[in-house]
Amino acid sequence: MLKEILDRLVDIEGQLDDAYYNLPEYDANSEGKSYIDGARCDLYHLKDEIEKRILTEKQLDPMKRFDNAGTL
Numbered sequence: 001m002l003k004e005i006l007d008r009l010v011d012i013e014g015q016l017d018d019a020y021y022n023l024p025e026y027d028a029n030s031e032g033k034s035y036i037d038g039a040r041c042d043l044y045h046l047k048d049e050i051e052k053r054i055l056t057e058k059q060l061d062p063m064k065r066f067d068n069a070g071t072l
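Below, the structure written as structure tokens:
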């Protein structure tokens, strides 16, 4: 279940990154960029917490948490 949530968060992260970098660099857009950046920060924190929970549940060594495909 947590793996599916993490996968969905990775998708959302990509969408927020796309939104942030595609917003034109106008002064009028600075507030919007700030809100997107805040959402990205919250998302990164949530992803970290879920990854920690997955590691704890699997009792994995943090240095060996990724398999050969680079996924949890």
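Just so you know, our numbering puts 25 at position 25 of the sequence shown, and the rest follows in order with no gaps. Here a beta-carbon is modelled for each residue, glycine too, at the ideal position from N, C-alpha and C. Just so you know, these numbers come straight off a predicted model, no measurement behind them.
Option in the options with minimal Cα separation from residue i
i   : options               : result
L6  : P24, K58, I50 and S30 : I50
Y35 : P24, L16 and L46      : L16
Limits of the unbroken alpha helix (DSSP H) element including residue i
i   : result
Y26 : It is not in any alpha helix (DSSP H) - Y26 carries neither H nor E in the DSSP assignment.
Integer Cβ distance of residue i from residue j, believed to fall under 8 Å
i   : j   : result
Y20 : R40 : 7 Å
L2  : R53 : 6 Å
L46 : K33 : The pair is not a contact, with the Cβ atoms about 20 Å apart (cut-off 8 Å).
Beta-carbon proximity check, residue i vs residue j, cutoff 8 Å
i   : j   : result
I12 : L43 : yes
Residue-chain proximity (residue i, chain D), Cβ-Cβ < 8 Å
i  : result
L9 : Given the protein chain composition of this structure (a single chain), no chain D is represented.
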